[in-house]
Every structure is written in structure tokens, then in C-alpha cells.
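Numbering of the sequence shown is given in this note's numbering, commencing with residue 263 and proceeding in unit increments. Even for Gly, the Cβ is constructed at its ideal location relative to N, Cα and C. These figures come from a predicted structure and were not determined experimentally.
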Amino acid sequence: MARTLFVSPEQRGALPTIRDALDAADNGAVISIAPGEYDEQITIRRQQVVLAAREPGTVTITSPLRDQPTVSVTDGAVEFTGLTVRSTEDSAIRIVGGKAKIVDCAASAGYAAAISVAGGADVELRGVEVTSAQYGLIIENADGMVESCAFRDTVDDAVIVRLGARATLRHCTVEGSGFRGIYMYQAGNSSIERCDISRTGDAGIAVADQTSPNIVECWVHDTQGAGITVGRGCGGVIEDCRVENTAPPGVLIDDGARTQVRRNDSAAAKPQVGAKASGGAQQDQEQIDLLLAELDEMIGLTGVKAEVRGLIDEIQVNEWRRGEGLSVSTVSNHLVFTGAPGTGKTTVARVYGKLLQALGILPNGRFKEVSRRDLVGQYIGHTAEKAATVFDEARGGVLFIDEAYTLSRSSGGGADFGQEAIDTLVKLMEDHRDEVAVIVAGYTGEMSQFLDTNPGLASRFGKTLEFENYTPQQLVQISSHIASSDDYLLGEDLDVALLEWFAQIERDQNFGNAREARKLLERMRKSQSTRLRNLGHRPTREDLRTLTLDDLLDAVRE
């Protein structure tokens, strides 16, 4: 299980600096950093480590050494999450060799590339914001996946891919660069997909020196130079791109270039582009309306219904905005359900999953319900394997983890791997955030403690929905509904008696709500069977359907 080290200059027992934590870190360690500004130059060599802000966006790292990178990684395996990194005369983050993942971070640099990648490194950037740098990102002789990132207000080129680099830029925003937006030369197989490039001092996208990228469904606009330029000897494809308000011509392809320009007339007039877009979705409005009506028909849960409707409204409007090429804020589909048992959490989770399918957010309505025993293994390595398998089985739908707080409790039998399951899920939720909706459920107090067990866990969830206990009146309605669905009727004055019964039941933390109603009805049916068997004659159809006050009285005596 990964060891977690805490960094805070003010917290007793925590390490005072990030460098102290790195010195103490074993391979695989997670370094959780408290909010604050850290005046440090960070060097990581051949370490496998995660640096994560305890609260995303609250940690700023600035190097006291003006002529050196603030964060330098050589041949490491690192992940940075939720950090702001600033530098003056060198890169904010420099990666040479190894593997790196940079998620939801911000970077700026005065006289260098904010992020520099070289030396055969393999990097992934997701949700990164780069502002006020000489260059935004340089990838040289390295592999890169750059998704949902923004590069704004750079002095020169915003993004450079060169000298054997292979990179995919997907759903990125580039605006306000002093020279070119994206510049590729002597690069390997690369692609620029659904990016928004604007307000450049020269070309929006420039391709040169034997480079053959696929440029797909991009929007290049408001540039001082041509929208897209391709030099002699280059190839690749420009497909379904929109080029507007640029210097003429919008697309300039030199003689001797092999680039193909394709346009699908049936393609959307405005590609869904930029860092805040995640692709279009086909919505089934009829199914959405039916599912919302099903939600409305559920007894009680007024606050929960309103929260779910609000989420669905936001998702649906966001999809409409994407369809018009407008910016869209990121919305997490992962939720926390808190409250006592029997309050409809599983039912609402199923409806929510079907709604996401109808909205086109998830490809299917698959619903996988699991608990601790499905996620936690018996030996080192077994838990990560089990959790990954369960997660994979839920992909495309909803993964519902009931009593999730038990993952953070020791089983009392020696080694416990619940924390390993939590850490594995946190990573999978980020890596596949658009493929699965994870819903964790449990008692309110315990779930609050559960969310504190990993520094990145709480931030993965978009909202917490509180399921309140049903009122006695609502429990009578639930009882009537359950009886009716099983082809039973409540006899005369039975509803009044049930109301009195539910009103006097002790409601501690273990009160089962709708489960109590169901268990009571099961006992009443058993009492009815005994009563009807003792009639001495075959009961009528009405007798077989009707539950009476006597059945209730007999049931509550058990």
C-alpha cells in the first residue's frame, strides 16, 4: 500500500518542506501538501512519487533559484495533481526521461517554456492551465498526450512539438500567443484534435520540416497570420476544421506538401472544441423525460430529487452549449450519497445512471453494485487487481459502492488492504472520469471520515446528496405502494394504524426506513396466511388481497 507523507510547515508531525518529504519518500509514496506557498526548488531523480495538493489549487511552488526549473524530474515516474508551479527565468516544470502525469495543475514562466518535456519522456497532461510564459509547452524527442489543457498569453509560440516528438493535443485551448499557436517541425506521428486556437500573432497552426500530423475538427480563428500553414515536404490530413477571421488564405499549403484537406458536408458546422469541451452527445429526450417522471414518482426525497434534476439540467445545457461551440465547465459525474439505510439510495443511483445514458454521457446504463468484499483482497497486490477488475466491469455505466466507509476500516485480522482499494479507485476515477460514474454511499458521519482517507478522494466527487429519513406518513405511502405492487390492499383503518406504528418506532442510526416497511409487510402477509388458513373455507379473492388490522397486530407481536 502506498505510503502517504504529509507536508505542512504548521502542522505538528508533518514534514515542513516538499524536499523533506521527497528525501523521506519510498517509491510509490504519495506526498500530500497542505495549502500554502512553498519557496522551494524541487529536484526528483529516478523516484516514483505522487505530489498532490491536499486541496486542489491551494498549493503554489516558486523556486528561489531564478535560473533553474522550479520542478525538475529526471528519469522518474511522477504524478502532480492540483499544484500551481511558477518560475522566473527557466521552466516551471522540466521533465527529462521517465514518465510523468500532470493533472489539474497551473504553470507560468517568465523567460522559458512553462512546461518542457525531453529525453524520451512519456507524459500526460490533463486539465493543465498555462499562462504568462515565453512558451507554453515544448515537447522534444518525447511522447505526449495533452488533453483538456489551456495555453494563454504566451510571448512566443504557445505549443511546440519538435525533433522526433510524438504528441496528441485533444480538446485544448490556445489563445493570446505572440507568435504561432501550435508549431510542429521534424515531429513524428502526431495529431491535433478538436482544439480551439485564436488570437495568435502569426499562424494558428504551423507545420514544417517533414511533419505529417492529423488536424481534425479544430476551430482556428482571429489570427494575425493564416489559420493553418503547411510547409514543403509535409503530409498529414486537415479534416473538418473551421478557419475563420484569419489572414488570407485561411489554409496555406506550400507546393510540394502532401497534405490532404477533407470536408465532410454532414459534419457539424461548429466543432465542439477547446479545453472545456469533451465531445458531443446524442440525447434521448423522450427517455430523459420518462426517467425524470420516474424520479418524481418516488415517495419523499424532495431535496434529492431537486439535486438530481439540477445535475441533469446542467449536463443537458452543457451538451447544448458544446453543440454550439461554446465553452463548458467541467462537471464530475461521481457522487456521494449519505443517509440511513432504506432511503432510496440504490434506486436513485440506478435512475441516475440511466439518465446519464439517455443524455449520451455514458454509453450504457450498466449498474454494478459492490461492497468491501468485492474490492479488498487478501494479500499484497490482490486488492489493486480486484478493484481494477470491478471498475472495468462497470465501465460505461455506474459503479455503486454501498457502505463505502468500510473500506477505511480495518478488518481486525492483521494486514488490511482497504486503503489500497481507496487509492486504486482514486486513480481509476481520474483516468476514466468520462467512462464511469462512481457513487459511494453510507451513513453521513462515516462518509465524511471516508472522504478524508485520501488527499484526492473528495475532489473526485461533484456533489454530496443527503437522503433524509422518511416521515411516518411517507412510510405509510411506501407500505401501500409495496402492497399494491405485490397485489395486496390495505384494509379499513389499516393506514391509520400503520401511521401510529411508524410514529412510535425508535429511529436510531440503524433504522431501516423503507426496509422496515417491507419487513413489516412480510410479517403481515405471514399473519394473513395463518388467519386465512384458519377460516375453515376457501377465502374469496378479496380476502386473499386484503391485509387487515388483525394482521398488523399479530405481526408487531413477533
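Burial state of residue i (16 or more Cβ within 10 Å)
i: Leu815; result: exposed
i: Ser439; result: buried
i: Trp481; result: buried
i: Asn595; result: buried
i: Ser528; result: Bear in mind that a pLDDT of 44 at Ser528, under 50, signals an unreliable position, so the number given afterwards is only what the model happens to contain. Flag for Ser528 reads exposed.
i: Gln619; result: buried
i: Ala420; result: buried
i: Gly675; result: Residue confidence is low: Gly675 scores 49 on pLDDT, short of 50, so the model does not pin down where it sits. Its coordinate-derived value is still stated next. Counting Cβ neighbours within 10 Å, Gly675 comes out exposed, since fewer than 16 surround it.
i: Pro603; result: buried
i: Val579; result: exposed
i: Tyr614; result: buried
i: Thr605; result: buried
i: Pro326; result: exposed
i: Thr802; result: exposed
i: Asp696; result: exposed
i: Arg388; result: buried
Residue i to residue j span [Cα, whole Å]
i: Gly565; j: Val698; result: 24 Å
i: Arg524; j: Ser410; result: 25 Å
i: Lys616; j: Gly487; result: 47 Å
i: Arg722; j: Val610; result: 20 Å
i: Pro511; j: Val505; result: 10 Å
i: Glu220; j: Gly275; result: This structure does not reach residue 220, given that the chain is present from 263 up to 820, and the question cannot be answered.
i: Thr279; j: Ala519; result: 53 Å
i: Asp516; j: Asp471; result: 12 Å
i: Arg807; j: Glu784; result: 14 Å
i: Gln735; j: Arg348; result: 59 Å
i: Ala383; j: Arg356; result: 11 Å
i: Val758; j: Gln739; result: 11 Å
i: Val340; j: Val513; result: 39 Å
i: Lys363; j: Glu386; result: 5 Å
i: Glu272; j: Asp693; result: 33 Å
i: Ala314; j: Ala291; result: 11 Å
i: Phe342; j: Ile323; result: 12 Å
i: Ala656; j: Gln396; result: 44 Å
i: Ile767; j: Leu756; result: 17 Å
i: Leu553; j: Arg571; result: 11 Å
i: Ser353; j: Thr320; result: 21 Å
i: Phe653; j: Leu690; result: 8 Å
i: Leu425; j: Ile454; result: 17 Å
i: Leu277; j: Ala376; result: 28 Å
i: Glu754; j: Leu737; result: 17 Å
Proximity below 8 Å, CB of residue i to CB of residue j
i: Gln309; j: Leu345; result: no
i: Asp484; j: Arg461; result: yes
i: Ala427; j: Ala412; result: no
i: Val417; j: Leu431; result: no
i: Gly489; j: Pro475; result: no
i: Ile577; j: Val598; result: no
i: Asp337; j: Gly360; result: yes
i: Glu581; j: Leu621; result: yes
i: Ile293; j: Ala287; result: yes
i: Ala255; j: Thr491; result: What is shown of the chain runs 263 to 820, which leaves residue 255 out entirely.
First and last residue of the uninterrupted beta strand (DSSP E) at residue i
i: Ser378; result: Ala375 to Ala380
i: Tyr447; result: Ile444 to Tyr447
i: Met560; result: No beta strand (DSSP E) contains Met560, which DSSP labels as neither H nor E.
i: Val340; result: Val333 to Thr343
i: Phe599; result: Leu597 to Gly601
i: Ala649; result: Counting along the chain, Ala649 falls outside any beta strand (DSSP E), though it belongs to the alpha helix (DSSP H) covering His644 to Ala656.
Unbroken alpha helix (DSSP H) run spanning residue i, endpoints
i: Glu762; result: Leu756 to Gln766
i: Gln486; result: Here Gln486 belongs to no alpha helix (DSSP H), and DSSP marks it neither H nor E.
i: Arg635; result: Arg634 to Leu637
Going along the chain, which unbroken runs of the alpha helix (DSSP H) with 4 or more residues stay wholly within the segment 265–314? 280–286
For the segment 712–745, which segments carrying the beta strand (DSSP E) assignment without a break, of at least 3 residues, lie completely within its bounds, in sequence order? Counting only runs of 3 or more, we get 725–729.
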